[in-house]
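I have placed the structure first, in the form of structure tokens, so that the comments after it can refer back to it.
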Amino acid sequence: MSTHVLSENLAKVLLTRLREKNTNSQKFRETLDQLSLLLAIKATEYLEYYELDIETPLEVTPGTFFGDTPVLVPIMRAGSGMLRAFQTFMPNSLVWHISMSRNEKTFEPTFKGSTIPEMADEAAFPLIHTGFILDPMLATGGSASLAIQMLKACVTKIIFVGILGAPEGITRLEREHPDVEVILAGMDRELNKHAYILPGLGDAGDRLFPTR
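Everything in the sequence shown is counted per UniProt numbering, starting at 1 for the first residue and increasing by one.
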């Protein structure tokens, strides 16, 4: 497994804005979308491409096209905040949602539901080449690991894309899914006793979708 962390200064500026506790929900959503655009650009390196001649107004020249239809899999709630940016560059992608909640005692995920289609007829629904799991926070790695396991039946190449990661989450994915790639905007120090990333940015879902 390899982990790529964005090094661009623009990514660092946007990540700083997300971290600040005084960033309101509207600005948080806007900034998450902007940072997700940078992650989506990096993610396109994992897609398949093909070349085909096209005609410009002046002559024929080789053109480059997407060679496969990826699937985008946001983990609800917070992963939905990254979706629009990825659809900007992958407009023909499929979208499957996975809903999970976290047990606050064990910190393990509880599966709530998904829109992943049944694969009973493999001939009618062939394997998808590339899938991107979208979730801002890679903390314990529990949600990511469960989502990856669910996709492996129908997706050949899986890439987890997040805003922040912790060493504990990376270690878990390396152990349980060494064939998966990870793209992050930043790598943080550790988890606290409540399994929140430090220094982190708080609860991404609550900051995206405040309830009070």
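Heads up, the beta-carbon is just placed ideally off N, CA and C, and yes, glycines get one too.
Fair warning: this is a prediction, and the values are worked out from it, not measured in the lab.
| query | result |
| --- | --- |
| Which value, in whole angstroms, describes the spacing of the CA atoms of A120 and E55? | Confidence is the limiting factor: at A120 the pLDDT is only 45, short of 50, which leaves the residue's position unreliable, though a coordinate-based value still follows. Approximately 42 Å between the Cα atoms of the pair. |
| DSSP on I158, reduced to helix/strand/coil? | strand |
| Starting from R175, trace the beta strand (DSSP E) both ways and give me its first and last residue. | Segment P167 to E176 is the alpha helix (DSSP H) holding R175; no beta strand (DSSP E) there. |
| How about A40 and I159: do their beta carbons lie closer than 8 Å? | no |
| Let's test the definition: count the other Cβ atoms within 10 Å of the Cβ of F28 and tell me whether it reaches 16, buried, or not, exposed. | buried |
| Identify the residues that DSSP records as bridge partners of P210: which are they? | Bridge partners of P210: none, in fact. |
| Nearest by alpha-carbon distance to M82: which of P136, N9, L146 and D179 is it? | P136 |
| I need the DSSP call for I41, collapsed to helix, strand or coil. | helix |
| Flag this pair as yes or no: are the beta carbons of T115 and W96 separated by less than 8 Å? | yes |
| Between which two residues does the beta strand (DSSP E) holding T64 run? | V60 to F66 |
| What is the DSSP secondary structure of D53, counted as helix, strand or coil? | strand |
| Could you compute how far the alpha carbon of D53 sits from the alpha carbon of L32? | 37 Å |
| Nearest-angstrom Cα distance between Q87 and F132? | 11 Å |
| Express the C-alpha separation of K12 and I170 in angstroms, rounding to a whole number. | 20 Å |
| Determine the closest residue to E181 out of L38, G63, G142 and G162, with distance taken between C-alpha atoms. | G162 |
| In angstroms, rounded to a whole number, what distance separates the CA positions of T110 and I148? | 14 Å |
| What first and last residue would you give for the alpha helix (DSSP H) that runs through F107? | Taken as a continuous stretch (DSSP letters only), F107 belongs to no alpha helix (DSSP H), as it is neither H nor E. |
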